[in-house]
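Start counting the sequence shown at 1; every next residue gets the next number (full-length UniProt numbering).
Structure first, commentary second.
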Amino acid sequence: MSVEDETAIVPFEEQFRQDVLALWTKCGLVRAWNDPGKDIDRKLTDRNGRFPVLLVGKRVVGSVMVSYDGHRGSVYYLAVDPEFQGRGFGKQLMEYCETFLLEIGCPKINLFVRSDNEAVLRFYEDLGFSQDAAMPLGKRLIPDD
Ligand SMILES: CC(C)(COP(=O)(O)OP(=O)(O)OC[C@H]1O[C@@H](n2cnc3c(N)ncnc32)[C@H](O)[C@@H]1OP(=O)(O)O)[C@@H](O)C(=O)NCCC(=O)NCCS
C-alpha cells in the first residue's frame with residue numbers, strides 16, 4: 001500500500017462488509033448494544049440514502065452513511081482508518097455527504113458526536129458545524145441482542 005495508490009469513493013458492496021466492520025471497530029464506532037452488521041443490513045434497505053466507502057487502491061480506508069428525512073440530513077458511521085487519518089479523507093467523505101444532500105434539496109445536516117470526543121468535535125467545527133440548542137432524545141424500537 002503506498003500513498004500513490006488511487007483513491008476512490010464508491011458505493012458499498014457486499015465484498016467490503018468485513019473490511020467495513022473491521023474499520024468501524026478500529027475507529028471505536030461499535031457499541032455493545034448495536035449490532036453493526038444489522039446496521040449494514042438495515043442501511044441496504046434505505047433506497048434514498050447513500051453508503052459510500054473510500055478505497056485507497058483496493059483497501060477500505062473510510063466509510064460513511066448519510067440519509068435525508070425531508071427536513072434534515074443525517075451523517076453517521078463516519079470513519080477513516082487511523083493509519084490514514086489526517087490526509088483529508090474524512091473531509092472528502094463529508095464533502096460527498098454535503099454534495100449528495102444539497103443535490104436532493106436538504107437544508108441542514110444533523111450528526112452526533114460524543115461530548116468527550118474533543119478531537120472529532122474540532123474536526124467538525126473546522127467543517128463549519130456548531131452545537132445546536134437541542135438535546136437528542138432516543139427511543140429503541142428493535143433491540144439488537
Ligand atoms: C473524524 C475522522 C473521520 C476524521 O478523519 P480524517 O481523515 O483524519 O480527517 P481529515 O484529514 O479529513 O481532516 C479534515 C480537517 O479537519 C482537521 N482535523 C482533523 N482531525 C482534527 C483534530 N483531531 N483536531 C483538529 N483538527 C482536526 C484537519 O486539520 C483538516 O483540516 P484542513 O483540511 O484544514 O487540514 C477520523 O478522525 C475518525 O475516523 N475518527 C474515529 C471515528 C469517529 O469518531 N467518527 C466520528 C463519529 S461522530
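We put the beta carbon where it would ideally sit given N, CA and C, even for glycine.
DSSP places Ala22 in the uninterrupted alpha helix (DSSP H) bounded by Arg17 to Lys26. DSSP, read as helix, strand or coil, puts Thr7 in strand. Relative to Asp144, the option among Glu13, Val10, Glu6 and Gly37 whose CA is nearest is Gly37. For Val56, the enclosing beta strand (DSSP E) starts and ends at Pro52 to Val56. Inclusion of Gly90 in the 7 angstroms shell around ligand 1 follows from its C-beta lying nearer than that to a non-hydrogen atom of the ligand. For Pro136, same chain residues with a beta-carbon under 8 angstroms away, outside a window of 5 residues either side, are Phe112 in chain order.
A distance of 8 angstroms or more separates the beta carbons of Leu101 and Ser63. Look at Arg87: its beta carbon is less than 7 angstroms from one of the heavy atoms in ligand 1. For Asn117, the shortest C-beta to heavy atom distance toward ligand 1 is below 7 angstroms.
Taking a cut-off of 8 angstroms for Cβ pairs, the stretch 14 to 28 and the stretch 128 to 135 do not touch, as fewer than three such pairs fall below it. Remark: the C-beta of Leu78 is in contact range of ligand 1, defined as less than 7 angstroms to any heavy atom. The straight-line gap separating the alpha-carbon atoms of Pro52 and Asn34 is approximately 20 angstroms.
By the neighbour-count criterion, in which a residue is buried when 16 or more other Cβ atoms sit within 10 angstroms of its Cβ, Asp39 is buried.
Ile109 sits buried, since 16 or more C-beta atoms from the chains shown fall within 10 Å of its C-beta.
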